Amino acid sequence: MNKLIVIVGASGVGKTTLARALCAKYDFSISYEQHDERPFQKLFKQDPKYVLANQLDYLLYRAGQERELRNNSKPALMDGGLDLDFHGFTQLFHARGWLTEEEFSLCKRFYQHTRSLLPPPDLVIALNASEKTISERLAARNRINIASSEDTELFNSFVEKWLASIPSSQLLRLDISDESSDYPQSTIAILKKLAL
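Position 159 of the sequence shown, counted from 1, bears residue number 157 in our numbering, the numbering being contiguous throughout.
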(Lines of atoms letter the chains of each structure in order from A and count residues from 1; the text may use other names and numbers.)
(Lines give C-alpha, C1' and ligand atoms only; values in the text may rest on other atoms or scores of the structure.)
Protein backbone atom coordinates (compact mmCIF):
# COMPACT_ATOMS: atom_id res chain seq x y z
CA MET A 1 0.00 0.00 0.00
CA ASN A 2 1.42 3.37 -1.04
CA LYS A 3 2.04 6.45 1.04
CA LEU A 4 -0.85 8.90 1.03
CA ILE A 5 -0.07 12.58 1.52
CA VAL A 6 -2.97 15.00 1.91
CA ILE A 7 -2.85 18.78 1.63
CA VAL A 8 -5.39 20.51 3.87
CA GLY A 9 -6.40 24.05 4.68
CA ALA A 10 -9.13 26.62 4.17
CA SER A 11 -10.76 27.25 0.81
CA GLY A 12 -8.46 29.47 -1.22
CA VAL A 13 -5.32 28.75 0.80
CA GLY A 14 -3.52 27.13 -2.15
CA LYS A 15 -3.99 23.35 -1.81
CA THR A 16 -4.48 22.70 -5.53
CA THR A 17 -1.64 25.01 -6.56
CA LEU A 18 0.76 23.35 -4.10
CA ALA A 19 -0.31 19.90 -5.32
CA ARG A 20 0.52 20.93 -8.90
CA ALA A 21 3.87 22.39 -7.81
CA LEU A 22 4.75 19.12 -6.05
CA CYS A 23 3.80 17.10 -9.13
CA ALA A 24 6.17 19.27 -11.17
CA LYS A 25 9.01 18.20 -8.84
CA TYR A 26 8.18 14.51 -8.30
CA ASP A 27 6.11 11.79 -9.96
CA PHE A 28 3.07 11.49 -7.66
CA SER A 29 -0.30 9.89 -8.28
CA ILE A 30 -2.78 12.66 -7.57
CA SER A 31 -6.46 13.30 -6.95
CA TYR A 32 -8.10 16.69 -6.95
CA GLU A 33 -11.44 17.81 -5.52
CA GLN A 34 -13.14 17.92 -8.97
CA HIS A 35 -15.74 20.52 -7.99
CA ASP A 36 -17.23 20.72 -11.48
CA GLU A 37 -17.97 16.99 -11.52
CA ARG A 38 -19.75 16.84 -8.16
CA PRO A 39 -23.49 16.73 -8.92
CA PHE A 40 -24.77 18.45 -5.76
CA GLN A 41 -22.25 21.27 -5.36
CA LYS A 42 -23.94 23.71 -7.72
CA LEU A 43 -27.36 22.74 -6.35
CA PHE A 44 -26.16 23.34 -2.78
CA LYS A 45 -24.77 26.75 -3.72
CA GLN A 46 -28.27 27.64 -4.99
CA ASP A 47 -30.28 25.95 -2.21
CA PRO A 48 -28.99 24.73 1.17
CA LYS A 49 -31.47 21.83 1.16
CA TYR A 50 -28.87 19.96 -0.92
CA VAL A 51 -26.17 20.16 1.77
CA LEU A 52 -26.64 16.58 3.04
CA ALA A 53 -26.52 15.11 -0.45
CA ASN A 54 -23.47 17.27 -1.21
CA GLN A 55 -21.59 16.16 1.90
CA LEU A 56 -22.36 12.45 1.52
CA ASP A 57 -21.37 12.66 -2.14
CA TYR A 58 -18.05 14.28 -1.22
CA LEU A 59 -17.32 11.82 1.59
CA LEU A 60 -18.02 8.86 -0.71
CA TYR A 61 -16.02 10.40 -3.53
CA ARG A 62 -13.00 11.19 -1.36
CA ALA A 63 -13.01 7.72 0.24
CA GLY A 64 -13.03 6.19 -3.24
CA GLN A 65 -10.15 8.42 -4.30
CA GLU A 66 -8.12 7.37 -1.25
CA ARG A 67 -8.68 3.68 -1.98
CA GLU A 68 -7.69 4.15 -5.62
CA LEU A 69 -4.58 6.18 -4.77
CA ARG A 70 -3.41 3.64 -2.19
CA ASN A 71 -3.53 0.93 -4.86
CA ASN A 72 -1.40 2.90 -7.33
CA SER A 73 2.31 2.21 -7.80
CA LYS A 74 3.47 5.77 -6.96
CA PRO A 75 3.32 7.84 -3.77
CA ALA A 76 -0.09 9.48 -3.65
CA LEU A 77 -0.96 13.14 -3.21
CA MET A 78 -4.45 14.37 -2.43
CA ASP A 79 -5.79 17.91 -2.59
CA GLY A 80 -8.13 18.13 0.42
CA GLY A 81 -9.49 14.71 1.27
CA LEU A 82 -11.91 12.69 3.33
CA ASP A 83 -10.79 14.08 6.69
CA LEU A 84 -10.88 17.71 5.55
CA ASP A 85 -14.32 17.25 4.03
CA PHE A 86 -15.65 15.94 7.34
CA HIS A 87 -13.71 17.90 9.96
CA GLY A 88 -13.73 21.15 8.00
CA PHE A 89 -16.71 21.39 5.69
CA THR A 90 -19.26 19.09 7.32
CA GLN A 91 -18.69 20.69 10.72
CA LEU A 92 -18.80 24.19 9.19
CA PHE A 93 -22.10 23.46 7.46
CA HIS A 94 -23.52 22.08 10.72
CA ALA A 95 -22.37 25.17 12.63
CA ARG A 96 -23.99 27.39 9.98
CA GLY A 97 -27.30 25.56 10.49
CA TRP A 98 -27.37 24.00 7.04
CA LEU A 99 -27.08 20.46 8.44
CA THR A 100 -29.48 19.44 11.22
CA GLU A 101 -28.23 17.47 14.25
CA GLU A 102 -29.57 14.28 12.67
CA GLU A 103 -27.94 14.99 9.31
CA PHE A 104 -24.64 15.86 10.96
CA SER A 105 -24.83 12.66 13.02
CA LEU A 106 -25.39 10.65 9.83
CA CYS A 107 -22.36 12.27 8.17
CA LYS A 108 -20.27 11.66 11.30
CA ARG A 109 -21.24 7.98 11.50
CA PHE A 110 -20.52 7.56 7.80
CA TYR A 111 -17.14 9.29 8.12
CA GLN A 112 -16.10 7.29 11.20
CA HIS A 113 -17.11 3.98 9.61
CA THR A 114 -15.37 4.82 6.34
CA ARG A 115 -12.20 6.02 8.07
CA SER A 116 -12.11 2.76 10.07
CA LEU A 117 -11.94 0.86 6.76
CA LEU A 118 -9.17 3.04 5.29
CA PRO A 119 -5.78 3.75 6.84
CA PRO A 120 -5.26 7.41 7.73
CA PRO A 121 -2.95 9.53 5.59
CA ASP A 122 0.77 8.98 6.14
CA LEU A 123 1.41 12.73 6.07
CA VAL A 124 -0.94 15.68 6.47
CA ILE A 125 0.37 18.96 5.07
CA ALA A 126 -1.56 21.74 6.80
CA LEU A 127 -1.45 25.03 4.90
CA ASN A 128 -2.02 28.41 6.44
CA ALA A 129 -2.06 31.84 4.84
CA SER A 130 -3.05 35.33 5.88
CA GLU A 131 -6.70 36.32 5.70
CA LYS A 132 -5.81 38.84 2.98
CA THR A 133 -4.11 36.14 0.87
CA ILE A 134 -7.08 33.78 1.21
CA SER A 135 -9.61 36.52 0.37
CA GLU A 136 -7.65 37.50 -2.76
CA ARG A 137 -7.35 33.89 -3.91
CA LEU A 138 -11.05 33.17 -3.37
CA ALA A 139 -11.99 36.30 -5.32
CA ALA A 140 -9.75 35.24 -8.23
CA ARG A 141 -11.18 31.72 -8.51
CA ASN A 142 -13.17 30.54 -11.46
CA ARG A 143 -15.23 27.94 -9.60
CA ILE A 144 -18.02 27.53 -7.08
CA ASN A 145 -17.05 28.61 -3.57
CA ILE A 146 -19.24 27.05 -0.91
CA ALA A 147 -17.15 28.38 1.98
CA SER A 148 -16.43 32.10 1.94
CA SER A 149 -13.52 34.07 3.33
CA GLU A 150 -15.80 34.94 6.26
CA ASP A 151 -15.97 31.20 7.09
CA THR A 152 -12.18 30.80 7.30
CA GLU A 153 -11.78 31.39 11.05
CA LEU A 154 -14.54 28.95 12.03
CA PHE A 155 -13.42 26.40 9.43
CA ASN A 156 -9.83 26.62 10.70
CA SER A 157 -10.98 26.07 14.30
CA PHE A 158 -12.63 22.78 13.31
CA VAL A 159 -9.61 21.68 11.28
CA GLU A 160 -7.24 22.59 14.14
CA LYS A 161 -9.14 20.28 16.52
CA TRP A 162 -8.61 17.42 14.08
CA LEU A 163 -4.96 18.33 13.43
CA ALA A 164 -4.31 18.26 17.19
CA SER A 165 -5.13 14.53 17.13
CA ILE A 166 -2.48 13.74 14.50
CA PRO A 167 0.97 12.62 15.69
CA SER A 168 3.57 15.33 14.99
CA SER A 169 5.59 12.88 12.88
CA GLN A 170 2.65 12.73 10.45
CA LEU A 171 1.97 16.47 10.30
CA LEU A 172 3.77 19.25 8.45
CA ARG A 173 2.51 22.81 8.97
CA LEU A 174 3.39 25.45 6.38
CA ASP A 175 2.56 29.15 6.22
CA ILE A 176 2.45 29.99 2.53
CA SER A 177 1.27 33.61 2.74
CA ASP A 178 4.39 35.03 1.09
CA GLU A 179 5.31 32.20 -1.27
CA SER A 180 5.04 32.40 -5.04
CA SER A 181 2.68 30.02 -6.85
CA ASP A 182 5.44 27.50 -7.60
CA TYR A 183 6.06 27.14 -3.83
CA PRO A 184 9.88 26.83 -3.90
CA GLN A 185 10.35 26.65 -0.11
CA SER A 186 7.33 24.45 0.59
CA THR A 187 8.08 21.88 -2.11
CA ILE A 188 11.63 21.47 -0.76
CA ALA A 189 10.36 21.11 2.83
CA ILE A 190 7.75 18.54 1.81
CA LEU A 191 10.07 16.42 -0.33
CA LYS A 192 12.65 16.50 2.47
CA LYS A 193 10.03 15.37 5.02
CA LEU A 194 9.04 12.53 2.68
CA ALA A 195 12.70 11.68 1.99
CA LEU A 196 12.06 11.83 -1.78
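Even glycine gets a Cβ: it sits at the ideal position worked out from N, Cα and C.
Keep in mind the model is a prediction, meaning the values are calculated, not measured.
C-alpha gap between residue i and residue j, whole angstroms
i, j, result
"A17", "N0", "17 Å"
"P182", "I132", "19 Å"
"K191", "L54", "33 Å"
"I142", "L82", "Bear in mind that a pLDDT of 48 at I142, under 50, signals an unreliable position, so the model cannot answer this."
"R94", "Y56", "18 Å"
"K47", "W96", "7 Å"
"D77", "E100", "28 Å"
"L67", "D120", "12 Å"
"T22", "L90", "Residue 22 is actually Ala in this sequence, not Thr. Approximately 33 Å between the Cα atoms of the pair."
"S167", "I123", "11 Å"
"N69", "T112", "17 Å"
"S103", "D176", "39 Å"
"S25", "A74", "One point to set straight first is that residue 25 is Asp, not Ser, in the sequence displayed. Those two C-alpha atoms are separated by around 9 Å."
"P37", "E31", "13 Å"
"L41", "R171", "34 Å"
"K72", "A127", "29 Å"
"Y109", "K43", "22 Å"
"L2", "V157", "19 Å"
"P117", "L169", "15 Å"
"Q49", "L115", "Here the sequence assigns Val to residue 49, which means Gln is not the residue at that position. Using only the alpha carbons, I get a separation of about 24 Å."
"I188", "Q39", "31 Å"
Identity of the residues DSSP links to residue i by a beta bridge
i, result
"S29", "M76"
"A124", "V6, R171"
Contact under 7 Å by Cβ, residue i with residue j
i, j, result
"R60", "G79", "yes"
"A51", "T185", "no"
"T14", "S179", "no"
"S27", "Q63", "no"
"L125", "I174", "yes"
Contact between the segment 86 to 98 and the segment 151 to 166 is defined here as three or more beta-carbon pairs at a separation below 8 Å; is this criterion met? yes
Unbroken stretches of the alpha helix (DSSP H), 4 residues or longer, contained in the segment 49 to 121: 49 to 68, 89 to 93, 99 to 115
Sufficient close CB pairs (3 or more, under 8 Å) joining the segment 5 to 13 to the segment 122 to 136: yes
Quick check for students: name the residue ranges of the beta strand (DSSP E) that lie wholly in the segment 141 to 190, counting only runs of 3 or more. 169 to 173
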